[in-house]
């Protein structure tokens, strides 16, 4: 009995807490309908852009943005965001990585697809580009975020082996990647990430006795970062300047990396913040910023948690209070 009493008290406290955080408690009664054009919301078909209409409950759901933010998307297909790159991408789901954070931010809004390859440079990316992103695919991604350059920028090995790619060749590879991705569909958007700096001392310490002639310096990183940014400006691709963003933090050398190169949770937070800035500022139609996108199956329901008044339900579809950072 005592346990039941405590549980009831906790339930009441929870309802009050949620009501305070999310004052737009929703009734089970549906309001006026809102229709949405399907072709503006989903991954985009190469052969057809047929429109389908969706109906949502009116008004703003708790935590939602815009008049139709809670509209229902019928079926499992969502906009697809692809992360394409080297180990900075492959490891983006590990240890609080930026890919994992984006998956949380875009939960029920877009599917984040990982195409990361440890140790790869832009040469290897070019070799598989048409396999990873075939032009004849039934649907094409809404967004591709690309990172190559860290391995390309490593100093050349005396044997001719290794990941080094000369800067002019790197630029042409990235140009080809941009052109191919832009050709996938009229609404496939592209963001490049430039080379972040590294902790050179940590890299040298970690490479000792493992790698031969490993040369990874911030001077080389800077050159490849600047080249990437200049190329993006030339070809009309959005770019995140990680070289500058990391160094805005005073303790970046020790805070942003696990081994001097790969990103810690703190480093990943910087990546997410900068990507979201680009997405928010981009004048893309449809917008790919998470607050502007529909939430899948976000309609009000009598099966949602009952509010403190005992008569209405609280729609949790867009709640974000679980997040350590309330992303913009």
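In this note's numbering, the protein residues as written are 113 to 440.
Beta carbons: idealized from backbone N, C-alpha and C, even for Gly.
Exercise for the section: Out of 212, 220, 354, 253, point me to the one whose CA is closest to residue 299's CA. Expected result: 253
Exercise for the section: Drop a sphere of 10 angstroms on the beta-carbon of residue 230, count the other beta-carbons inside from all chains shown, and report buried for 16 or more, exposed for fewer. Expected result: exposed
Exercise for the section: Please check if any C-beta of chain D sits within less than 8 Å of the C-beta of residue 405. Expected result: Within the model displayed, chain D is absent; a lone protein chain is all it includes.
Practice task
Grab the span of the alpha helix (DSSP H) containing residue 197 for me, first residue to last.
Solution key: Segment 192 to 197 is the beta strand (DSSP E) holding residue 197; no alpha helix (DSSP H) there.
Handout entry: Cβ neighbour criterion (16 or more within 10 Å) applied to residue 166
Key = With a pLDDT of 26 at residue 166, under the threshold of 50, the modelled position of this residue cannot be trusted, and the question is left open.
Practice task
Determine the contact status of residue 276 and residue 267, defining contact as a CB-CB distance below 8 Å.
Solution key: yes
Exercise for the section: Please name the residue in 435, 440, 422 whose C-alpha comes closest to that of residue 393. Expected result: Checking every option, the nearest Cα to that of residue 393 belongs to 440.
Handout entry: Status (buried if at least 16 other CB within 10 Å, exposed otherwise) for residue 381
Key = buried
Problem - Contacting residues, own chain, Cβ-Cβ under 8 Å from residue 377 (five flanking each side not counted) - result: 207, 208, 209
Problem - Cβ neighbour criterion (16 or more within 10 Å) applied to residue 401 - result: buried
Problem - Residue burial classification, residue 348 (beta-carbon count within 10 angstroms, cutoff 16) - result: exposed
Handout entry: Close beta carbons around residue 357, own chain, < 7 Å, minus the five adjacent residues each side
Key = 382, 386
Problem - For residue 446, three-class secondary structure by DSSP - result: The first residue shown for the chain is 113 and the last is 440, placing residue 446 beyond what the model contains.
Exercise for the section: Quick one: grab the DSSP three-state call for residue 228. Expected result: strand
Exercise for the section: Using a threshold of 8 Å, state whether the C-beta atoms of residue 217 and residue 256 are closer than that. Expected result: no
Handout entry: Test item: CB-CB of residue 195 and residue 226 under 8 Å
Key = yes
Practice task
Assuming residue 245 and residue 293 form a contact by the criterion Cβ under 8 Å, report the distance between their Cβ atoms to the nearest whole angstrom.
Solution key: About 6 Å; that satisfies the 8 Å criterion.
Handout entry: residue 437 burial status per 10 Å Cβ neighbour count (16 or more: buried)
Key = exposed
Problem - residue 293 - DSSP class collapsed to helix/strand/coil - result: helix
Exercise for the section: Decide if residue 433 is buried, meaning its Cβ has at least 16 other Cβ atoms within 10 Å, or exposed. Expected result: exposed
Problem - Host beta strand (DSSP E) of residue 203 (start-end) - result: Taken as a continuous stretch (DSSP letters only), residue 203 belongs to no beta strand (DSSP E), as it is neither H nor E.
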